[in-house]
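Take a look at the structure set out below.
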Amino acid sequence: GQQLNQSPQSMFIQEGEDVSMNCTSSSIFNTWLWYKQEPGEGPVLLIALYKAGELTSNGRLTAQFGITRKDSFLNISASIPSDVGIYFCGWYGNNRLAFGKGNQVVVIP
Amino acid sequence: EAGVVQSPRYKIIEKKQPVAFWCNPISGHNTLYWYLQNLGQGPELLIRYENEEAVDDSQLPKDRFSAERLKGVDSTLKIQPAELGDSAVYLCASSLRLTDQETQYFGPGTRLLVL
Chain A
4 GQQLNQSPQS MFIQEGEDVS MNCTSSSIFN TWLWYKQEPG EGPVLLIALY KAGELTSNGR
64 LTAQFGITRK DSFLNISASI PSDVGIYFCG WYGNNRLAFG KGNQVVVIP
Chain B
28 EAGVVQSPRY KIIEKKQPVA FWCNPISGHN TLYWYLQNLG QGPELLIRYE NEEAVDDSQL
88 PKDRFSAERL KGVDSTLKIQ PAELGDSAVY LCASSLRLTD QETQYFGPGT RLLVL
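Structural data, given as structure tokens:
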């Protein structure tokens with residue numbers, strides 16, 4: 004089966020710092036998605052990537068679809084307290100949206 | 028525009044009791060999903076509806092779980108009887124249709140605690 008690794012599992016960062024997280028897979032994917040889930044809420048789509056090598060930004064967020072189609076990273080620049088949450092990578096397989104285990108980000112003011 | 032609505036937001040029950048969750052998707056969205064999210068994990072698909080038809084229910088534990096989407100709009104997910112291991116967040120999501128370029132919008136979830 005597909006194996007997906009999402010790292011690091013949790014991060015404690017100072018406000019204003021940049022933070023990066025990535026997902027790697029044993030399989031090739033055609034789509035990489037990055038979601039954010041805040042406490043008590045459902046996941047919200049941040050960025051969707053559809054082409055190998057694609058680099059996409061959404062405000063202070065930047066994500067890239069790896070050339071090998073087996074990995075993706077998400078970068079948050081100049082973190083602020085509201086960046087707190089769990090960031091999930093997601094992908095489509097067998098007509099299903101599947102998620103990694105998530106990266107928990109804590110921003111220290 | 029209203030998002031996906033779920034109720035209740037929280038539910039505490041004793042094991043062996045039944046429980047039901049309700050979801051109202053975004054207006055016009057044909058595809059509705061129920062996901063299970065255990066603590067420290069990402070959501071996992073339980074069932075997907077295209078209009079009123081359940082087109083992917085292979086991951087739904089059918090011995091105790093059931094779902095319906097009458098008239099292709101609202102949906103309910105039921106557990107009977109509930110077990111301790113069912114404690115989790117149950118998320119509903121909807122999209123216009125199923126494609127990998129169609130965004131799924133999630134509701135806030137129902138947090139279930141089985142005692």
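Residue numbers (the working numbering), protein chains in the order written: chain A, 4 to 112; chain B, 28 to 142. For every residue, glycine included, the Cβ atom is placed at its ideal position computed from N, Cα and C.
N- and C-terminal bounds of the beta strand (DSSP E) containing residue i
i, result
"isoleucine 111/A", "106-111"
"tyrosine 95/A", "88-96"
"arginine 138/B", "137-141"
"valine 82/B", "80-83"
"alanine 109/B", "First-last for alanine 109/B: undefined, no H or E at that position."
Interface flag, residue i vs chain A, CB-CB below 8 Å
i, result
"glutamate 69/B", "Reading off the sequence, residue 69/B comes out as glycine, not glutamate. It does: the Cβ of glycine 69/B has a partner Cβ on chain A nearer than 8 Å."
"phenylalanine 133/B", "yes"
"aspartate 83/B", "yes"
"glycine 55/B", "no"
"leucine 125/B", "yes"
Cut-off 8 Å between Cβ atoms - residues of its own chain near residue i, not counting five sequence neighbours on either side
i, result
"isoleucine 111/A", "Phe15, Ile16, Gln17 and Glu18"
Neighbour-count burial assignment, residue i, 16 or more Cβ in a 10 Å radius
i, result
"leucine 142/B", "exposed"
"leucine 36/A", "buried"
"leucine 140/B", "exposed"
"proline 70/B", "buried"
"threonine 143/B", "This structure does not reach residue 143/B, given that chain B is present from 28 up to 142, and the question cannot be answered."
"serine 122/B", "buried"
"alanine 51/A", "buried"
Residue-level contact to chain B via CB, residue i, 8 Å cutoff
i, result
"phenylalanine 68/A", "no"
"glutamate 44/A", "yes"
"asparagine 106/A", "no"
"phenylalanine 102/A", "yes"
Own chain partners of residue i with C-beta closer than 6 Å, once the 5 adjacent residues on each side are dropped
i, result
"asparagine 51/B", "Val32 and Asp101"
Contact test: residue i Cβ vs the ligand ATP heavy atom, cutoff 7 Å
i, result
"valine 108/A", "Of the ligands one can find in the structure shown there are none, so the ligand ATP has no counterpart to examine."
Could you tell me which uninterrupted beta strand (DSSP E) segments, each at least 3 residues in length, are contained entirely in the segment 24-69 of chain A, listed from first to last along the chain? 35-40, 47-52, 58-61 and 64-68
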